[in-house]
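Enquirer: Residue numbers (my numbering), protein chains in the order written: chain W, 1 to 410; chain V, 1001 to 1410.
Where a beta carbon is used, it is the ideal one built from N, C-alpha and C, also for glycine.
Computed from a prediction, not measured in an experiment: that's the story for all the values here.
Attaching a single structure in structure tokens format; questions to follow.
Number of protein chains: 2
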Amino acid sequence: MESRPGMSRKEFLKLSAAAGAGLALGASGLGAIVEMTKLSGSAAPSSPSSADPKDGIVPFYDKHQAGIVTPQQTYLYLAAFRVTTQSKSDLILMLKDWTKFCDLSAAGGTMKLSDSALVPPTDTGETLDLPPARLTVTFGFGPSFFGNGAFGLSKLTPRHLQDIPRMPRDNLDSSISGGDICAQVCADDQQVAFHAVRNLIRLSTGKASLKWMQEGFASGTPGKTPRNLFGFKDGTANQLHDSPAGYDQVVWAGSDEPEWMQGGSYLAYRKIQMKIESWDRTSLADQEATFGRKKVSGAAFGVSGEFDTFDAAKLPTDSHVRLAKQTGQLIHRRAYSYTDKVDPRTGNVDAGLLFISYQRNPDQQFLPMLRLMQSSDALNSYVAHVGSAMFACPAGLSAGRYIGQSILEA
Amino acid sequence: MESRPGMSRKEFLKLSAAAGAGLALGASGLGAIVEMTKLSGSAAPSSPSSADPKDGIVPFYDKHQAGIVTPQQTYLYLAAFRVTTQSKSDLILMLKDWTKFCDLSAAGGTMKLSDSALVPPTDTGETLDLPPARLTVTFGFGPSFFGNGAFGLSKLTPRHLQDIPRMPRDNLDSSISGGDICAQVCADDQQVAFHAVRNLIRLSTGKASLKWMQEGFASGTPGKTPRNLFGFKDGTANQLHDSPAGYDQVVWAGSDEPEWMQGGSYLAYRKIQMKIESWDRTSLADQEATFGRKKVSGAAFGVSGEFDTFDAAKLPTDSHVRLAKQTGQLIHRRAYSYTDKVDPRTGNVDAGLLFISYQRNPDQQFLPMLRLMQSSDALNSYVAHVGSAMFACPAGLSAGRYIGQSILEA
């Protein structure tokens, strides 16, 4: 195993036990989960042999939700839930339980295994020895959530929320598209990420059911743009808006939105299969012309560095980078690669990209780009869009409040 | 991204370019792949700002194959190939290409992208910025490989190689079981691992096809036993034989085997679905009784530490650990967890264990354990065995030789 910074949850449990008591939870009084212990704040251990226990902690409570402009972690689970309860109070109970769980897990804590051995443990336990691993859980609400008559929320639908319109080359599977609520779970450790999504599922019992789940990875070295499974850098343009002012312009929804959405963002998702076997039989010149970039350096045609300003007119007219730039719009990309089963007929591997982007106005920023690419992109010969969804992710949460409260109690 | 030790492949490519030439490959003269560059030996950079370039390199050439007693990496791809060619020389060509690729990749090198932009790149490129990440590729040969009349190898079948016999509770899917040749690809970076398996597939074109592939993860902190998705430690007993003498007794095949197999090992594989939703509704007392171990500490019933010697008679008669100990045999476990799709009918996640163990004599060490567990194990209520395979992994390779040469040229 790689060496990991920080103290494990179990070391922390021991420390808490030695101190004589579990710690109170910041957002105490919410939900139905029993007492928990948490690794943060004043309980931080002073042992000089431990690394900083805050290493790897991304705060769950903040102005904006974590996991949007947070530097990309290595692993992703993207889960979409269907709300099954008709009871608003049950729904709120679930969202409160989720809030508690996320607050605690992001801080590297774990629910106390049990006060009694006669009941199921309140935590599934597979992260007991693992660090927080920069876990973030980002929630979004889909068009069908606001359209659900049981909750009467349609008047709170944000301006630009809709299912992504059908595109000419769509080959969508409805069982892996859409959903009422999504949770984007990211961490630098897959087991930490799965633990979170699994416990969200567990805490949704009787109130929601998991509609679909995807898992992905994005390996890179710090400060470098990760490469997709075509071997090309993916997300270079993010640096164009990499500042608080840039995020306000590109990512965060503004004052023309319902109050709960201001400071939130729209998550656009496309599951894109990549025909890696065909790609691998394509010449380097064709691969580079398809993107409009050099493979090794990531530089656009006509310049030498990945981040150099380039003249789009010097790129092939149907190249991916030229088309992305042609709309004059920016989006914040946060994509992950996926690998999956073998097609028994061909021996080909199902692999590709879980494209995720965040933007303040998908109608203006994302959909024109998607339409243009679906009509002209040279990449279309090598990809198929098989899953799709859009979710509105509310602004960040302050301690004591629960996920979705600003919508459900607006 | 997590910070990673060592130099990236691209930094190395630059260095090689500055030095004026690609480096010769240790095992040069094999196969059909064009010139490659390699990060090792005398080419190691002397820049004090770089970490040791050998960080994260597990040697591909050694007495035994890497990836068997190598401390477990975080990610696994297990791939099984069906040999499609009837030509022994074509098969050898593929094995030589695989050898070159593995030697180079384990050393953190990459095939030169292209001498000409007019041909497909000889490397798919997605690891250009990534470190070696302790990549290991371990090869094994299945019963059907030796049974293939085209190659006339049946007299070289090792003593204990057979498909795992049908067990009373088997629920096997033949499309994800068996295979002629397997590659166990492990690394601390999923993208590095996938890159390797993908290029093995690419290099097999026309000679073999991918039958099935599984991916898994095993998160843990250094020196600690990883936990499975039931939240229990998995592999504690490995410490009982954790020494060269112990490996000789438990892992490495001996002098009663064909020469090529001496110093090799048998890989036993079972894909085990875990009903995590049922498990999560079970009391802590029942969970612990099912294993015969405490959940948090990993200690067996009656003792206090994970590695303490315990009296199996004090464990519940149908507990997993008691049954495993009852045969008096040791195996070397190297299991990974997996997570997969949602069952649309139930909303349940397909998740579980890719059980892998290595042993010198599966008839004596593994099969009795498996039979006993299938008949009595309390865990059976929560698991289903859906995939199965056994492979004979030859001894290690010395530079200049190719994978399987000791069998094909015996």
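Thinking C-beta only, is His332 (chain W) closer than 8 Å to His241 (chain W)?
Expert: Numbered from its first residue, the first sequence carries residue 241 (chain W) at position 241. Numbered from its first residue, the first sequence carries residue 332 (chain W) at position 332. Cβ atoms of His241 (chain W) and His332 (chain W): closer than 8 Å.
Enquirer: Would you list the residues sitting across from Lys271 (chain W) in a DSSP beta bridge?
Expert: Counted from its first residue, the first sequence places residue 271 (chain W) at position 271. Note: Lys271 (chain W) sits in a beta bridge opposite W:Leu354, W:Gly387.
Enquirer: If Val342 (chain W) sits next to Met1213 (chain V), beta carbons under 8 Å apart, how far is it from one beta carbon to the other, in whole angstroms?
Expert: In the first sequence, residue 342 (chain W) corresponds to position 342, counting from 1. In the second sequence, residue 1213 (chain V) corresponds to position 213, counting from 1. Yes, they are in contact, since the Cβ atoms of Val342 (chain W) and Met1213 (chain V) sit about 5 Å apart, within 8 Å.
Enquirer: Would Ala1389 (chain V) and Gly1216 (chain V) be called neighbours here (beta carbons separated by less than 8 Å)?
Expert: What you label residue 1389 (chain V) is simply residue 389 of the second sequence in a count that begins at 1. What you label residue 1216 (chain V) is simply residue 216 of the second sequence in a count that begins at 1. Against a cut-off of 8 Å, the Cβ pair of Gly1216 (chain V) and Ala1389 (chain V) comes out as no contact.
Enquirer: Round the Cβ separation of Phe1081 (chain V) and Ser1209 (chain V) to the nearest angstrom and send it over; I've been treating them as touching at under 8 Å.
Expert: Counting from one through the second sequence, the residue named residue 1081 (chain V) turns up at place 81. Counting from one through the second sequence, the residue named residue 1209 (chain V) turns up at place 209. The pair is a contact, with the Cβ atoms about 7 Å apart (cut-off 8 Å).
Enquirer: Taking the alpha carbon of Lys233 (chain W) as the reference point, which residue from W:Ser89, W:Arg371, W:Gly125, W:Ala300 has its own alpha carbon closest?
Expert: Residue mapping note: residue 233 (chain W) aligns to position 233 of the first sequence, counting from 1. The option with the nearest alpha carbon to Lys233 (chain W) is W:Ala300.
Enquirer: Return the residue from the list V:Leu1354, V:Asp1363, V:Ala1378 that minimises the CA-CA distance to Leu1078 (chain V).
Expert: By 1-based counting over the second sequence, the position of residue 1078 (chain V) is 78. Closest by alpha carbon: V:Leu1354.
Enquirer: Apply the 10 Å Cβ neighbour rule to Asp311 (chain W) and answer buried if 16 or more other Cβ atoms are within range, or exposed otherwise.
Expert: Walking along the first sequence from the start, residue 311 (chain W) turns up at place 311. Asp311 (chain W) should be labelled exposed.
Enquirer: Taking a contact to mean a Cβ-Cβ separation below 8 Å, would you say Gln329 (chain W) touches Met373 (chain W) in this structure?
Expert: Against the first sequence, residue 329 (chain W) aligns to sequence position 329. Against the first sequence, residue 373 (chain W) aligns to sequence position 373. Going by C-beta atoms, Gln329 (chain W) is not nearer than 8 Å to Met373 (chain W).
Enquirer: How about Ser1219 (chain V) and Met1094 (chain V): are their beta carbons less than 8 Å apart?
Expert: Walking along the second sequence from the start, residue 1219 (chain V) turns up at place 219. Walking along the second sequence from the start, residue 1094 (chain V) turns up at place 94. Cβ atoms of Ser1219 (chain V) and Met1094 (chain V): not closer than 8 Å.
Enquirer: On the DSSP bridge assignment, give the partners of Tyr1077 (chain V) in chain order.
Expert: In the second sequence, the residue the question calls residue 1077 (chain V) occupies position 77. Note: Tyr1077 (chain V) sits in a beta bridge opposite V:Val1185, V:Glu1215.
Enquirer: Is any beta-carbon of chain W found at less than 8 Å from that of Ala1378 (chain V)?
Expert: Counting from 1 along the second sequence, the entry for residue 1378 (chain V) is found at position 378. Not one chain W Cβ lies under 8 Å of Ala1378 (chain V).
Enquirer: Please confirm whether Gly1026 (chain V) has its beta-carbon closer than 8 Å to some beta-carbon of chain W.
Expert: Numbered from its first residue, the second sequence carries residue 1026 (chain V) at position 26. The predicted model places Gly1026 (chain V) with a pLDDT of 32, which falls under 50 and marks its position as unreliable; any figure quoted below should be read in that light. Gly1026 (chain V) does not count as touching chain W.
Enquirer: Is DSSP giving Ile403 (chain W) helix, strand or coil here?
Expert: Here residue 403 (chain W) is taken as the residue at index 403 of the first sequence, counted from 1. If DSSP states are grouped into helix, strand and coil, Ile403 (chain W) belongs with coil.
Enquirer: Please report whether the beta-carbon of Leu284 (chain W) lies at a distance below 8 Å from any beta-carbon of chain V.
Expert: Within the first sequence, the letter at position 284 stands for residue 284 (chain W). Answer yes: the Cβ-Cβ gap between Leu284 (chain W) and chain V drops below 8 Å somewhere.
Enquirer: Would you decide whether Arg1004 (chain V) is buried or exposed? Buried here means 16 or more other CB atoms lie within 10 Å of its CB.
Expert: Within the second sequence, residue 1004 (chain V) is the residue found at index 4, counting from 1. Bear in mind that the predicted position of Arg1004 (chain V) carries a pLDDT of just 39, short of 50, making it too unreliable to give a figure here.
Enquirer: Under the three-state reduction of DSSP, which class applies to Phe139 (chain W): helix, strand or coil?
Expert: The residue labelled residue 139 (chain W) in the question sits at position 139 within the first sequence. Correct three-state label for Phe139 (chain W): strand.
Enquirer: For a contact defined as C-beta to C-beta under 7 Å, what are the partners of Thr124 (chain W) on chain V?
Expert: For the purposes of this step, residue 124 (chain W) is taken as residue 124 along the first sequence, with counting starting at 1. Within chain V, the residues near Thr124 (chain W) are Gly1231, Asp1280.
Enquirer: Please check the pair Gly178 (chain W) and Ser154 (chain W), which I expect to be a contact at CB under 8 Å, by giving their CB distance rounded to whole angstroms.
Expert: Position 178 of the first sequence, counting from 1, holds the residue named residue 178 (chain W). Position 154 of the first sequence, counting from 1, holds the residue named residue 154 (chain W). That belief does not hold up - the Cβ atoms of Gly178 (chain W) and Ser154 (chain W) are roughly 17 Å apart, past 8 Å.
Enquirer: Three Cβ pairs or more, each shorter than 8 Å: is that satisfied between the segment 1125 to 1134 of chain V and the segment 1181 to 1192 of chain V?
Expert: The segment 1125 to 1134 of chain V is in contact with the segment 1181 to 1192 of chain V.
Enquirer: For Pro1394 (chain V), count the other beta carbons within 10 Å of its own beta carbon; 16 or more makes it buried, fewer makes it exposed. Which is it?
Expert: Start at 1 with the first residue of the second sequence, and residue 1394 (chain V) comes out as number 394. Buried, by the Cβ-count rule.
Enquirer: Sort W:Asp318, W:Arg360, W:Ser174 by Cα distance to Asp256 (chain W) and report the nearest one.
Expert: Mapped onto the first sequence, residue 256 (chain W) falls at position 256. Here the closest residue by C-alpha is W:Arg360.
Enquirer: In three-state DSSP terms, what is Tyr61 (chain W)?
Expert: By one-based count along the first sequence, residue 61 (chain W) stands at place 61. DSSP places Tyr61 (chain W) in coil when its eight states are reduced to three.
Enquirer: Could you check what DSSP says for Ile33 (chain W) in three-state terms: helix, strand or coil?
Expert: By one-based count along the first sequence, residue 33 (chain W) stands at place 33. Legend: pLDDT at Ile33 (chain W) = 35, less than 50; position of this residue unreliable, value from coordinates given subsequently. Reduced to three states, the DSSP call for Ile33 (chain W) is coil.
Enquirer: Per DSSP, what kind of secondary structure is Leu408 (chain W) in: helix, strand or coil?
Expert: As a working note, residue 408 (chain W) is residue 408 in the first sequence. Three-state DSSP puts Leu408 (chain W) in a helix.
Enquirer: Against chain V, with Cβ distances strictly below 8 Å, would Gln65 (chain W) count as a contact?
Expert: Taking the first sequence and counting its residues from 1, the one referred to as residue 65 (chain W) is at position 65. Gln65 (chain W) does not count as touching chain V.
Enquirer: Are the C-beta of Ile1068 (chain V) and some C-beta of chain W separated by less than 8 Å?
Expert: Sequence index remark: in the second sequence, residue 1068 (chain V) carries index 68 (1-based). So no, Ile1068 (chain V) is outside the interface.
Enquirer: Confirm, please, whether the CB-CB distance from Gly1302 (chain V) to Lys1294 (chain V) is below 8 Å.
Expert: For the purposes of this step, residue 1294 (chain V) is taken as residue 294 along the second sequence, with counting starting at 1. For the purposes of this step, residue 1302 (chain V) is taken as residue 302 along the second sequence, with counting starting at 1. Result no, Cβ atoms of Lys1294 (chain V) and Gly1302 (chain V) do not sit closer than 8 Å.
Enquirer: Would you kindly check if the distance between the Cβ of Ile1407 (chain V) and the Cβ of Ala1351 (chain V) is under 8 Å?
Expert: For the purposes of this step, residue 1351 (chain V) is taken as the residue at position 351 of the second sequence. For the purposes of this step, residue 1407 (chain V) is taken as the residue at position 407 of the second sequence. The answer is no: Cβ separation not under 8 Å.
Enquirer: Name the one or two DSSP bridge partners that Arg82 (chain W) has.
Expert: The sequence position of residue 82 (chain W) within the first sequence is 82, counting from 1. Paired residues: W:Ser209.
Enquirer: At a CB-CB cut-off below 9 Å, which residues of chain V make contact with Asp487 (chain W)?
Expert: Beyond the ends of chain W as shown, which are 1 and 410, falls residue 487 (chain W); an answer cannot be given.
Enquirer: Could I get the ranges of all uninterrupted alpha helix (DSSP H) runs contained in the segment 1274 to 1317 of chain V, with 4 residues as the minimum, in chain order?
Expert: Fully enclosed alpha helix (DSSP H) runs of 4 or longer: 1276 to 1280, 1284 to 1291.
Enquirer: Compare the C-beta of Gln1190 (chain V) against all C-beta atoms of chain W and say whether one is closer than 8 Å.
Expert: Position 190 of the second sequence, counted from the start, is the residue given in the question as residue 1190 (chain V). Output row for Gln1190 (chain V): interface = yes.
Enquirer: Going residue by residue through the segment 149 to 199 of chain W, where are the continuous alpha helix (DSSP H) segments of at least 4 residues, counting only ones entirely within it?
Expert: Listed in chain order, there is nothing to give.
Enquirer: Can you look up Val1069 (chain V) in the DSSP assignment and give me helix, strand or coil?
Expert: Position 69 of the second sequence, counting from 1, holds the residue named residue 1069 (chain V). Three-state result, Val1069 (chain V): coil.
Enquirer: Going along the segment 1376 to 1403 of chain V in order, which residues come within less than 9 Å of chain W, judged by CB to CB distance?
Expert: Listed by position along the chain: nothing, the set is empty.
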